[in-house]
Amino acid sequence: MHESLRQVVHLIFGLGIAGFVLLFDRDLVLSVLVLALFAGFILSDAISRGYTIPVVSPIIAGLERRDAAPGKGALFFALGALFCIAFFAKEVAFMGLVVLSLLDSVTTLAGVRFGRTRIYNHKSLEGTLAGFAATAIVLSLLVPPTITLATAAAAAVAELASPVDDNLVVPVVACIALTLLL
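For what it's worth, the numbering used here labels the leading residue of the sequence shown as 104, then goes sequentially.
Quick look at the structure:
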């Protein structure tokens with residue numbers, strides 16, 4: 104498994120989902136995400152039981168982390184997206200998913216490449232700061248600077264310290280921050 108490839112896929116698909124959220128009707132997005140989750144859980148269960156599913160099994164084998172449930176990251180991303188769409192305004196959910204896509208990918212890529220100072224949960228100061236900076240730069244195109252900095256900081260702390268999968272926590276924290284500050 105190549106972590107860099109995994110994170111590039113995370114970024115591309117994450118931004119694609121965010122764009123889908125922004126461009127399409129909320130009910131359609133909810134329906135597609137529920138269908139994707141349902142199909143994803145079926146595929147994950149089948150693969151974990153030893154079945155080989157053409158096209159899907161090799162992709163998951165190449166992108167999933169060792170000892171993780173098949174497709175766990177993608178399923179948690181879809182679940183986090185579904186929660187944000189269900190409970191926050193469409194534009195806020197869009198920004199929350201952009202935050203997740205950027206922060207998670209950049210933090211990991213920079214942390215693996217440049218991380219030297221471990222600060223928490225085996226994560227590095229360098230990765231966390233790079234993820235925060237990338238997120239703040241992109242968010243600054245969408246919201247005022249104070250909201251940008253507060254949201255990026257809250258999301259970075261959530262990514263760093265979350266005891267559960269960050270794909271569940273980061274978009275929700277970003278959406279809460281954005282909802283409170285906008």
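For glycine and all other residues, C-beta sits at the position ideal for the given N, C-alpha and C.
- A residue is called buried when at least 16 other Cβ atoms come within 10 angstroms of its Cβ; alanine 164 does not meet this threshold and is exposed.
- Distances from the alpha-carbon of arginine 221 to those of Leu263, Val158, Gly122 put Leu263 closest.
- Collapsing the DSSP output to three states places serine 227 in a strand.
- Bridge partners of arginine 219 according to DSSP: none are assigned.
- Using a 10 angstroms sphere on the CB of proline 173, the tally of other CB atoms reaches 16 or more, which defines it as buried.
- Burial check for isoleucine 240: the Cβ neighbour count within 10 Å stays below 16, so the residue is exposed.
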